[in-house]
Amino acid sequence: MFMETSPFLFILFLFAGELVSGGTAQLVHCNEADREVLLDFKMGLEDPMNQLFSWHGSNCCQWLGIACDNATGAVISINLSSLVLGGEIRPSFSKLKFLTHLDLSSNLFNCSIPDSFSFLEKLQYLNLASAGFSGAIPPTLGNLSSLQILDVSSYGLNVDNLDWVSGLVSLKYLSMNYVDLSKVGAEWVMALNKLPFLAELHLAGCGLSNFMYTLPSLNFTSLAVLDLACDFHFTCNHFHSKLPNWLANVSSLVSVDISHGSLRGRIPLGFSELPNLKSLKLNGNENLSASCSQLFHGSWEKIEFLDFSVNKLHGRLPASLGNMTSLFHLDLSHNDIKGEIPNSIGRLKNLTHLSLDYNLLHGLIPAAIGNLQHLAFLSLSSNKLNGTLPDSLGLLSELYFLDVSINELTSVITEAHFLMLSKLKSLFLYRNSLIFNISSNWVPPFQLHVLDIRSCHSGPSFPFWLRSQKEIRFLLLSNCSISGSIPNWFWSISGSFYHLDVSSNHLVGRLPKLLNVGLGAFMVDLSNNHLEGPIPLFDVSILDLSNNQFSGSIPNNIGQIMTSVEFLSLSGNQLNGAIPDSLGSIGYSLEVLDLSKNNLTGSIPLSIGNCFDLQIVDFQNNNLSGGIPSSMGKLFGLQILHLGKNSLSGEIHSLQSVSSLETLDLANNRFTGNIPPWIAEAFPHLRILSLRSNNFSGEIPLALFNMGSLQVLDLAENHLNGYIHANIGSLEAMTHQQNITNILFYGSFVEHQYKQYIDAMKNGIELQYTKTLALLTSIDLSGNDLHGVIPKEITKLVGLVVLNLSRNHISGQIPENISELSQLLSLDLSGNKLSGRIPLSMSSMTFLGSLNLSNNNLLGRIPYQGQMTTFSASSFVGNSGLCGNPLALKCPGDESNNSSYVGGKDEAEEGNGFIHKWFYFSIGLGFGVGLLLPFLIFAIKRTWGGVYFAYVDMVVVKLWSSRN
1 MFMETSPFLF
11 ILFLFAGELV
21 SGGTAQLVHC
31 NEADREVLLD
41 FKMGLEDPMN
51 QLFSWHGSNC
61 CQWLGIACDN
71 ATGAVISINL
81 SSLVLGGEIR
91 PSFSKLKFLT
101 HLDLSSNLFN
111 CSIPDSFSFL
121 EKLQYLNLAS
131 AGFSGAIPPT
141 LGNLSSLQIL
151 DVSSYGLNVD
161 NLDWVSGLVS
171 LKYLSMNYVD
181 LSKVGAEWVM
191 ALNKLPFLAE
201 LHLAGCGLSN
211 FMYTLPSLNF
221 TSLAVLDLAC
231 DFHFTCNHFH
241 SKLPNWLANV
251 SSLVSVDISH
261 GSLRGRIPLG
271 FSELPNLKSL
281 KLNGNENLSA
291 SCSQLFHGSW
301 EKIEFLDFSV
311 NKLHGRLPAS
321 LGNMTSLFHL
331 DLSHNDIKGE
341 IPNSIGRLKN
351 LTHLSLDYNL
361 LHGLIPAAIG
371 NLQHLAFLSL
381 SSNKLNGTLP
391 DSLGLLSELY
401 FLDVSINELT
411 SVITEAHFLM
421 LSKLKSLFLY
431 RNSLIFNISS
441 NWVPPFQLHV
451 LDIRSCHSGP
461 SFPFWLRSQK
471 EIRFLLLSNC
481 SISGSIPNWF
491 WSISGSFYHL
501 DVSSNHLVGR
511 LPKLLNVGLG
521 AFMVDLSNNH
531 LEGPIPLFDV
541 SILDLSNNQF
551 SGSIPNNIGQ
561 IMTSVEFLSL
571 SGNQLNGAIP
581 DSLGSIGYSL
591 EVLDLSKNNL
601 TGSIPLSIGN
611 CFDLQIVDFQ
621 NNNLSGGIPS
631 SMGKLFGLQI
641 LHLGKNSLSG
651 EIHSLQSVSS
661 LETLDLANNR
671 FTGNIPPWIA
681 EAFPHLRILS
691 LRSNNFSGEI
701 PLALFNMGSL
711 QVLDLAENHL
721 NGYIHANIGS
731 LEAMTHQQNI
741 TNILFYGSFV
751 EHQYKQYIDA
761 MKNGIELQYT
771 KTLALLTSID
781 LSGNDLHGVI
791 PKEITKLVGL
801 VVLNLSRNHI
811 SGQIPENISE
821 LSQLLSLDLS
831 GNKLSGRIPL
841 SMSSMTFLGS
851 LNLSNNNLLG
861 RIPYQGQMTT
871 FSASSFVGNS
881 GLCGNPLALK
891 CPGDESNNSS
901 YVGGKDEAEE
911 GNGFIHKWFY
921 FSIGLGFGVG
931 LLLPFLIFAI
941 KRTWGGVYFA
951 YVDMVVVKLW
961 SSRN
């Protein structure tokens, strides 16, 4: 059943029970005509579980679900709820003239609601909720003038208008949850206002789109429960309108739920004056606003449940909040509330649930919270609360959930904070400056299920008090300043773990070869420590052992033990030997495989093609040899492939069928031959192509310049010849500045990341960027044998950030309109045969942080103004025809042409200071304004229970100068 039981509905059901009580008071014999109708009804039903086996014999009053009138034997009640019945309703059903109670809910009827129900004139109770009916609800139901309870809550039903409802003049309870009412319009309010006895109205998830702002007269004199809430799994109501003022004048209201209804405007203050209101839920209406000082100024005498989360409440919480002494549930999370939490909150003695998270609250957590002796749920996370965590929290003996994470708390945590918390199950303290000062022999009074104290100081030794926690499922101790080895007793409690994260500490030592974690465990993260020894094996979905000191070979039986792994990272260790064939036996589950930055040798195993769901493969920075196996062509879902910095050779034809590829990194290998022109057609979604430092030869395929998604093109350090085609201006993704939304995907207590990098050379400086940089657009063709001119069409790439054409044989002039590359941060044209003058417009390239025009045949005066004044002489040396600042050589007509000083510094000093100048300028200006904001959330996998890998990537992980 979809209905949420309420006191009012319970009373109505008791009333309905009175209607049928005659069926059990004494033995009666059923009306023969009604018996024939029931037998015909049974003939139309599908009863796969033979639930109606008792429907035989002459006395139908004894049949399952049937009740009769004691005097006449007429059938007055049919209750066949939840019997898995299907089929159809025969027309003869309308002959049950004395039927008052009909319940067919929670069945599997695969037909429309029959019109025959509208002839049941005495019907007072009709429940068809989730019965399998579909199509339009017949308006003839409006003929049932005696009906008091109607529930047709079901997906698959629809109504075009509700005019017929006005005929239900006796109706007290109406539930149409999840019925499609999107075509009804605003008239639904007018139609329902004609029902003077209506006490409960449930229209949750119906697709309603409007409220009637005004009513000629208000007839909702009995309305106690109004439910217009949202069902996230299917539909919501999207009113996109204000809450009507008349609603706050319905004095009989006891419960109102219009959560996630797309309401806007202000919350009517009249709600606080409703004498009977006990529950008000307006949460999830992101454009619904109110001032806290005004909203909580009223009496709110009887309010027990108040949910204003995810609204636009603003201002400060007034002290009068403490007058709402009947409250047991208060949720004001995800608002814009500022100021301090008032001490008066300690007067809410009945409070069991308090959520103030995701606001702008600051100041201390009041010690008065310790007075809330019934408090079970407390969440104050994601504010700016500071100071100490009050010891009085330890007095909350009913507390099972405590979250003060993501604040600015600075206190020391002692046993006093947990003195009476025997029921505590979930504890979130992460991202504060909290320091644990817990005795090594302390035994907590609780058994936690969840502990998240990331970034708190709980070291230096491993927290010994965890030894008593036998029920813990989620343990997150990342960045907790823990050093030393993991004690043996820890693995005795690990059998219950679902998620273990002890990453980014200073852990040392070896781990058991085969570790014990919880059955069906999801994630183990031991990355960024100093763990050593052989690789331990876990049968988990996510395993991250990266950036440790594990050594030896990858176990040959890894595929047989880790049968359900989806994410596996062994990156940044000291592993050697070959990649084992058994990885292929993992099969469909494996989606991310990162073995980068090790000392692995041998070839890529053919068996990798058996992991059909692989989306990311990263083998870069190893000593792998051989070619790309043909089996990799079976990885049709592969999106990111890193094979850079190995000794791989041959050709890359085996990848031709991997059409989903977005990143292809084959840099620093030994690949030969021409760059295949089929790359453009085979990889329509390719964003990053890095083939630098190989042995590719021939011309750059013209088709590459037609790749609409390409953002990074790196063909540097090969043996390419020919010229740069004018079609380079057709790289669509580089013709406009990227606009990427920073989205974080969260899962249940899990945030994981996959980092990927690309190197870019800038005037002799190597910067290591993340390869998912949607805001980095780069072309690097340096270190080849290209000739011809720089095509003027290159200036169409207005989103270009890095352009490097150095160390080729390019001639001609620098395009006069090169300043149209307004986002350019780095330009390197050095080591070519360029001639002519430096375009004057380059002085207006405001964001240009690195420029190298050295070793060409440029001539004339350097346009030393605007942005050009930020560059030293080293940017222009090796051009015998250039003169003027910042060079020592003055141009004809200048006052002096023999000074060896430039602005009081000689050229050597200028050259030595170049790196520092570039560093501060590019970081402070280029990065500061966000031109190289290195982030893009890479989300993978549809079925990880809401868990997505998420990372806001950081620019410039490594920066050094080739001049050092």
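Residue numbers in the sequence shown follow the numbering used here, run continuously in steps of one, and reach 964 at the last position. Glycine included, C-beta positions come from ideal geometry on N, C-alpha and C. Here the structure is a predicted model, which means the values were calculated and not measured.
- For the set 282, 42, 295 and 192, the Cα lying nearest the Cα of residue 305 is the one of 282.
- Under DSSP, the beta-bridge partners assigned to residue 671 are 650.
- Beta bridge pairing from DSSP links residue 601 with 578.
- For residue 811, the closest alpha carbon among the candidates 494, 722 and 440 is that of 722.
- Apart from the 5 residues on each side of it in sequence, residue 47 sits with its Cβ closer than 7 Å to the Cβ of 85 in its chain, given in chain order.
- Within the same chain, and ignoring the five residues on either side of residue 705 in sequence, the residues whose Cβ sits closer than 7 Å to its Cβ are 725, 727, 728, 730 and 731.
- Cβ contact annotation for residue 287 (same chain, cutoff 6 Å, sequence separation greater than five): 264, in chain order.
- Looking at the DSSP output, residue 550 bridges to 533.
- Runs of beta strand (DSSP E) with 3 or more residues, each lying fully within the region 239-298, are found at 255-257, 264-266, 279-281 and 287-291, listed in chain order.
- For the pair residue 712 and residue 800, the CB atoms are not nearer than the 8 Å cut-off.
- The DSSP-derived three-state label of residue 225 is strand.
- Of the other Cβ atoms in all chains shown, 16 or more fall within 10 Å of the Cβ of residue 188; this residue is therefore buried.
- Beta-bridge partners assigned by DSSP to residue 508: 485 and 530.
- When the Cα atoms are used, residue 636 and residue 485 turn out to be separated by approximately 42 Å.
- The beta carbon of residue 452 lies closer than 6 Å to those of 428, 430 and 476 in the same chain, with the five residues before and after it left out.
- With a cutoff of 8 Å on beta-carbon distance, residue 126 and residue 108 are scored as not near each other.
- When DSSP states are grouped into helix, strand and coil, residue 809 belongs to the coil group.
- Around the beta carbon of residue 845, a 10 Å sphere encloses 16 or more other beta carbons of the protein chains shown; the residue is thus reported as buried.
- About 4 Å separates the beta carbon of residue 680 from that of residue 703, a gap short enough to meet the 8 Å contact definition.
- For the pair residue 639 and residue 688, the Cα-to-Cα distance works out to about 11 Å.
- When the five nearest sequence neighbours on each side are left out, the beta carbons in the same chain lying within less than 6 Å of the beta carbon of residue 293 are those of 315 and 318, in order along the chain.
- Take residue 618, set aside five residues on each side of it, and the residues of its chain with a beta-carbon closer than 6 Å to its own are 594, 596 and 642, in chain order.
- Remark: C-beta atoms of residue 356 and residue 341 approach each other more closely than 8 Å.
- For residue 35, there is no enclosing beta strand (DSSP E); the enclosing alpha helix (DSSP H) covers residues 32-43.
- Residue 454 has no beta-bridge partner at all, per DSSP.
- If you look at residue 67, you'll find it in the beta strand (DSSP E) that goes 66-68.
- Excluding five sequence positions before and after residue 410, the CB atoms of its chain that fall closer than 8 Å to its own CB belong to 386, 387, 388, 432, 433 and 434, given in chain order.
- Here DSSP, grouped into helix, strand and coil, assigns residue 794 to helix.
- Collapsing the DSSP output to three states places residue 787 in a strand.
- Taking all protein chains shown into account, residue 544 has 16 or more neighbouring C-beta atoms within 10 Å of its C-beta and is therefore buried.
- It is roughly 50 Å from the alpha-carbon of residue 786 to the alpha-carbon of residue 506.
- By the CB criterion at 8 Å, residue 407 and residue 383 fall inside the cutoff.
- Judged by DSSP secondary structure, residue 559 falls within the alpha helix (DSSP H) whose first and last residues are 558-561.
- Counting only runs of 3+ residues, the beta strand (DSSP E) found wholly inside the region 810-857 occupies 826-828, 833-836 and 850-852, in chain order.
- The continuous beta strand (DSSP E) containing residue 712 extends over residues 712-714.
- DSSP lists 859 as the bridge partner or partners of residue 881.
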